[in-house]
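Trainee: Heads up: the sequence shown begins at 1189 in the numbering used here, then just goes up one per residue. Note that the Cβ used here is the ideal one computed from N, Cα and C, for glycine as well. Only a predicted model underlies this, so the values are computations on that prediction, with no experimental measurement involved. Below are the structure tokens for one structure; questions will follow.
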Amino acid sequence: MAKGPFHIGRGFHGHSTENECPCPQEDCGLIHEERVDPECTQHPFKHAKTIRQMHRASECFVCGVTAILDEYLTDPDWSWRDPDWDVSKHSLTQTTALLVMAVYLRERYPVVRPS
């Protein structure tokens, strides 16, 4: 079972509260519980406000995709990648599909580095 800090949010949907508070947002739009701004009136647990969205930081889908994408775009071992792929011009669904395929292929056909 996963352990560790959470990404938290106050609203049922979206991130309007998080967009307006001084806390730094994670890529998913929520706030990392260990990086809450002390001046924030919404996220510090001392204010006892209801947290309506949360997931473990270690299980954050967006941060996981971002990490894979960063590796995909910078690691030379991904030499078969499309050098013209521009994430800003493709939907999240298209990019996610590409990354799922990339991870599958990388696990199935690992890169063998000469020693």
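1. Take residue 1230 and list the residues in its own chain whose beta-carbon comes closer than 7 Å to its own, dropping the five residues that flank it on each side.
2. Is it buried or exposed, residue 1227, if we count other Cβ atoms within 10 angstroms and call 16 or more buried?
3. How is residue 1198 classed by DSSP in three states: helix, strand or coil?
4. Would you kindly work out how many angstroms separate the C-alpha atoms of residue 1196 and residue 1239, rounded to a whole number?
5. Using the rule of at least 16 other Cβ atoms within 10 Å of the residue's Cβ for burial, across every protein chain shown, is residue 1233 buried or exposed?
6. With burial defined as no fewer than 16 other Cβ atoms inside 10 Å of the residue's Cβ, what is the status of residue 1194: buried or exposed?
7. Can you tell me whether DSSP reads residue 1223 as helix, strand or coil?
8. Going by beta carbon distance, what residues of the same chain come within less than 8 Å of residue 1203, once the five residues before and after it are set aside?
Mentor: In terms of the structure at hand:
1. Translated into positions along the sequence shown, residue 1230 becomes position 42. These residues qualify, in order along the chain: 1198, 1205, 1209, 1237.
2. Here residue 1227 is taken as the residue at index 39 of the sequence shown, counted from 1. Exposed.
3. Residue 1198 sits at position 10 when you count from the first residue of the sequence shown. Residue 1198: coil per DSSP, three-state reduction.
4. Residue numbering aside, residue 1196 sits at position 8 when the sequence shown is read from its first letter. Residue numbering aside, residue 1239 sits at position 51 when the sequence shown is read from its first letter. Computed Cα separation, rounded: 7 Å.
5. Residue numbering aside, residue 1233 sits at position 45 when the sequence shown is read from its first letter. It counts as exposed.
6. Within the sequence shown, the letter at position 6 stands for residue 1194. It is buried - the Cβ of residue 1194 has at least 16 other Cβ atoms within 10 Å.
7. The residue given as residue 1223 occupies position 35 in the sequence shown. Of the three classes helix, strand and coil, the one that applies to residue 1223 here is helix, per DSSP.
8. As a position in the sequence shown, residue 1203 is number 15, starting the count at 1. Around residue 1203: 1197, 1213, 1217, 1218.
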